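The sequence shown stops at residue 360 when you use my numbering, and every number in between is there.
We put the CB at the ideal spot given by N, CA and C, even for glycine.
Predicted model only: the values in this text are computed from it and were never measured.
One structure is given here, and the rest of the page talks about it.
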Amino acid sequence: MKRIVWTTLLALLMLAPAVADQPGSMAEQYRQVLAQVREDPGHGYAVLQLLPPVDVEDQAEREALDAVIDALAGAVEENPDAFDVRLNYHRALWRRFLYYQTADDGKQALAQLTTLAEIVDPGSMQQARATFERAAAVQTLLAAVQHETLPADVAAQVAEGDPAEVAIAYFEAARDAAPPAGWHDMRSALELGRLYYSSANDLEKAERSLRNALEFDEDRGYVTNQAYDLLGRIELARGRPDRALIMLNAAANVTPDPTLLTEGFAGRLAVDLIKLDHTREVLQYLETVNKITEDNDGQQSPHVNYALALAYMKRGQKGPAILFWQRYLEMSETGPGADARRERAQKEADRLAAQGID
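Written as structure tokens, this is what we have:
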């Protein structure tokens with residue numbers, strides 16, 4: 003039986019309200035969504051409840067999902083300028099693409115966002131949202147290829163080009179389309195920095211985009227924290243650890259906004275600096291952001307928990323090291339190097355536990 007696991011997507015779906023009267027099968031769940039979109043095709047979260055099929059070979063599941071998309075296609079035909087309806091149509095098509103990996107679905111899903119950006123008022127929040135979501139969708143193709151859940155050739159077909167290059171172009175459009183009162187400009191600039199760093203290997207463009215993101219983030223929240231973390235890694239790539247430490251300290255001087263408390267503080271730079279024997283300086287950052295998170299009932303990121311465990315272990319503090327190794331292991335980190343980090347975390351936690359705590 004084929005099964006599909008889309009970790010990032012499922013994490014987002016967990017935020018959506020639960021379906022009333024949980025169905026006994028995935029096909030039944032899809033039919034409940036169908037009833038919702040027939041009643042209100044612009045429903046705010048109905049389509050977000052479309053979980054992955056239990057078995058991609060199950061015809062009943064496929065037909066039930068197809069019925070949802072057909073209903074939304076008809077609603078778009080009746081009211082082509084309805085923003086929320088077309089957005090839901092995009093979401094449903096995108097999910098079917100992710101689940102069954104038919105490139106035409108992916109192309110058609112992206113086309114809905116392109117159309118939305120063209121039919122709404124220029125410079126409006128709706129235009130910013132459509133262009134940003136289009137860029138973010140293409141960016142997920144890169145993550146899917148990275149996680150080996152989507153073939154690279156399928157990703158290229160959907161993006162109609164190299165996904166990294168297309169995502170960069172789309173995020174540039176989203177940044178430029180964003181009105182001053184929104185947040186799409188700073189998030190687009192942040193994502194551009196990440197793409198230039200990880201996919202294009204262009205440190206200068208990455209730094210310019212991240213500096214741009216800092217200018218947009220007047221409240222100094224999630225974007226500021228993430229931007230300084232990556233700016234520090236850029237400094238490490240240039241062989242300047244002292245400047246990287248300055249960036250790390252700046253990453254702690256932020257306001258705990260909702261995104262930061264949900265997604266957690268950045269911790270990749272901290273891990274890199276600990277490996278370069280800057281443990282004492284890094285602990286100040288880690289303990290500061292950990293306290294901010296706990297004081298505000300936030301969720302810590304896997305990288306911060308990993309870095310705290312690594313730092314306390316290097317300083318010989320077994321109790322805190324075991325605690326944060328365990329916290330890290332309880333999280334579902336994915337992405338490049340995650341398997342190796344989990345393996346090391348488990349190994350170190352077991353070793354410290356066997357030694358006992360003095």
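Taking the runs of the alpha helix (DSSP H) that are 4 residues or longer, which of them lie wholly in the stretch 27-68?
Here the runs fully enclosed are 28-41.
Given a cut-off of 8 Å, decide if MET333 and ASN307 are closer than it, judged by their beta-carbon atoms.
Closer than 8 Å, so yes.
In or out: PRO338 buried (at least 16 other Cβ within 10 Å) or exposed?
Under this definition PRO338 is an exposed residue.
Rounded to a whole number of angstroms, what is the C-alpha to C-alpha distance between ARG346 and GLU59?
So the alpha carbons of these two residues sit roughly 37 Å apart.
Run through DSSP, which three-state label would MET333 get?
Note: MET333 maps to coil in three-state DSSP.
At the level of alpha carbons, what is the spacing between ILE248 and GLU237?
The straight-line gap from Cα to Cα measures roughly 10 Å.
Could you say if the stretch 196-216 and the stretch 160-174 meet the contact criterion of at least three C-beta pairs nearer than 8 Å?
Short answer: they touch.
Would you identify the three-state DSSP class for LEU278, choosing helix, strand or coil?
The answer is coil: DSSP assigns LEU278 none of H, G, I, E or B.
Any contact between the stretch 149-156 and the stretch 181-200? By contact I mean 3 or more CB pairs, one from each, below 8 Å.
As far as the Cβ criterion goes, the stretch 149-156 does not touch the stretch 181-200, which means the pair count is below three.
Jot down the residue ranges of each uninterrupted beta strand (DSSP E) in the stretch 136-197, minimum 3 residues, whole runs only, in chain order.
DSSP runs (the beta strand (DSSP E)) wholly in the stretch 136-197: none.
Spatial neighbours of SER374 within its chain, please: C-beta separation below 8 Å, excluding the five flanking residues on both sides.
Shown here, the chain extends from 3 to 360; a query on residue 374 therefore has no answer.
Helix, strand or coil for VAL256? Go by DSSP, reduced to three states.
Of the three classes helix, strand and coil, the one that applies to VAL256 here is coil, per DSSP.
CB ASN298 to CB LEU263, shorter than 8 Å?
Closer than 8 Å, so yes.
On a CA-only basis, which of ALA311, GLY300, VAL256 and VAL87 is nearest ALA229? Give me that one, please.
Of ALA311, GLY300, VAL256 and VAL87, the residue nearest in Cα terms is VAL256.
For THR104 and ALA119, which I take to be in contact (beta-carbon distance under 8 Å), what is that distance rounded to the nearest angstrom?
So it is not a contact: roughly 24 Å between Cβ atoms.
For VAL78, I'd like the list of residues in its chain whose CB is within less than 7 Å of its CB, leaving aside the five on either flank, ordered along the chain.
VAL87, ARG88 and TYR91, listed in sequence order.
Quick one: measure Cβ to Cβ for LYS320 and GLN357, integer angstroms, because I've assumed they're closer than 8 Å.
The Cβ separation is near 7 Å, so the contact holds.
Just tell me which of GLU135, PRO165, VAL70 and ALA311 has its CA closest to the CA of GLN148.
It is PRO165.
Along the chain, where does the alpha helix (DSSP H) containing GLN114 start, and where does it finish?
Element bounds for GLN114: 105-121.
Where do the N-terminal and C-terminal ends of the alpha helix (DSSP H) with PHE267 fall, by residue?
Per DSSP, PHE267 belongs to no alpha helix (DSSP H) and is neither H nor E.
Cα-Cα, which of THR116, ASP83 and ALA66 is closest to GLN34?
That would be ALA66, whose Cα lies nearest to the Cα of GLN34.
Under the three-state reduction of DSSP, which class applies to SER303: helix, strand or coil?
Correct three-state label for SER303: coil.
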